[in-house]
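**Q**
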Amino acid sequence: EAGVVQSPRYKIIEKKQPVAFWCNPISGHNTLYWYRQNLGQGPELLIRYENEEAVDDSQLPKDRFSAERLKGVDSTLKIQPAELGDSAVYLCASSERVGTQYFGPGTRLLVL
Amino acid sequence: AQSVSQHNHHVILSEAASLELGCNYSYGGTVNLFWYVQYPGQHLQLLLKYFSGDPLVKGIKGFEAEFIKSKFSFNLRKPSVQWSDTAEYFCAVKGGGADGLTFGKGTHLIIQP
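Those protein sequences? They're chains G and P, same order as listed. Here my numbering is used: position 109 in the first sequence is 115, and no number is missing along the way. Here my numbering is used: position 67 in the second sequence is 69, and no number is missing along the way.
1) Contact defined as beta carbons within less than 8 Å: I believe P/L35 pairs with P/F76. What is the distance between those atoms, to the nearest angstrom?
2) Can you find a C-beta in chain G that's less than 9 Å from the C-beta of P/K51?
3) List the residues of chain G that P/L78 touches, going by C-beta distances under 7 Å, in chain order.
4) Kindly indicate which three-state DSSP category G/G105 falls into: helix, strand or coil?
5) Between the segment 82 to 98 of chain P and the segment 23 to 43 of chain P, do at least 3 Cβ pairs fall closer than 8 Å?
6) Taking 9 Å as the threshold (beta carbon to beta carbon), is G/Y16 in contact with chain P?
7) Output, in chain order, the set of chain P residues within a Cβ distance shorter than 7 Å of G/V55.
8) Span of the beta strand (DSSP E) holding P/V95?
9) Taking one C-beta from the segment 23 to 40 of chain G and one from the segment 15 to 29 of chain P each time, how about it: are there three or more such pairs within less than 8 Å?
10) What is the DSSP secondary structure of G/L90, counted as helix, strand or coil?
11) Relative to the alpha-carbon of G/F27, which residue among G/E20, G/T37, G/Y16, G/K21 has its alpha-carbon at the smallest distance?
Set out below in structure tokens:
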């Protein structure tokens, strides 16, 4: 069974530029999560989707971050414009409705 | 808001030594508890989990953890570590109506051959 797929794996951009990350969850997993992991820290939840509905986006900085999961399968997380402090690893995870979360490899973002 | 505390940020052990990594959480209600591991260059993988039942749970690669409700703890143990156990270990909690996980800051474990 394929795991959670994320792309790109690495991204280097200059500040004020836009950037987007893509995630394809495990087949059949209705719940999708985006986390951000800063250096030396554990992951922190940004947003959770149940199918195509964002049911918890309280930790998403909405002034510059947006996310979508239009067909309830894959998802995109966008930052516009990026700031130096956005440098981090962005992780996607998926689960069945109330099951264990499985994580993708992450996208390592460096903002210069 | 929940919080998770991992007491040791860096641990260095020799092969065959016993391991115990501490984890405490703040939420007093029903919780689900997890230990994830991240080997160098790899993504987060589930080591073990506790949802209910026997508070002593066994995971992959000889790891186990004990849920002690009165102490709000979920410590990870392994009787004899191997060089291949070198990795970052994260304790995580789900509870209080939140469906996302709250992670600790992680413990970087280095096993010396």
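All C-beta atoms, glycine included, are put in the ideal place defined by N, C-alpha and C.
**A** This is what the structure holds:
1) One-based indexing of the second sequence puts residue 35 of chain P at position 33. One-based indexing of the second sequence puts residue 76 of chain P at position 74. Between P/F76 and P/L35 the Cβ distance is about 4 Å, and since that is below 8 Å, they are a contact.
2) Start at 1 with the first residue of the second sequence, and residue 51 of chain P comes out as number 49. Chain G contact via Cβ: present.
3) Locating residue 78 of chain P in the second sequence gives position 76, where the first residue counts as 1. Those do not exist, as P/L78 stays about 14 Å from chain G at its closest Cβ, beyond 7 Å.
4) Counting from 1 along the first sequence, the entry for residue 105 of chain G is found at position 99. Three-state result, G/G105: coil.
5) yes
6) On the first sequence, position 10 is the one that residue 16 of chain G refers to. Output row for G/Y16: interface = no.
7) Numbered from its first residue, the first sequence carries residue 55 of chain G at position 49. In the sequence on display, residue 55 of chain G carries Tyr and not Val. Residues of chain P passing the Cβ test: none, with the nearest at roughly 10 Å.
8) If you number the second sequence from 1, residue 95 of chain P lands on position 93. From DSSP, the beta strand (DSSP E) with P/V95 extends over 89 to 97.
9) no
10) Here residue 90 of chain G refers to the residue found at position 84 when the first sequence is read from its first residue. In this structure, G/L90 counts as helix in the three-state DSSP scheme.
11) The count along the first sequence starts at 1 and reaches residue 27 of chain G at position 21. Looking at the Cα atoms, G/Y16 is the closest of the given residues.
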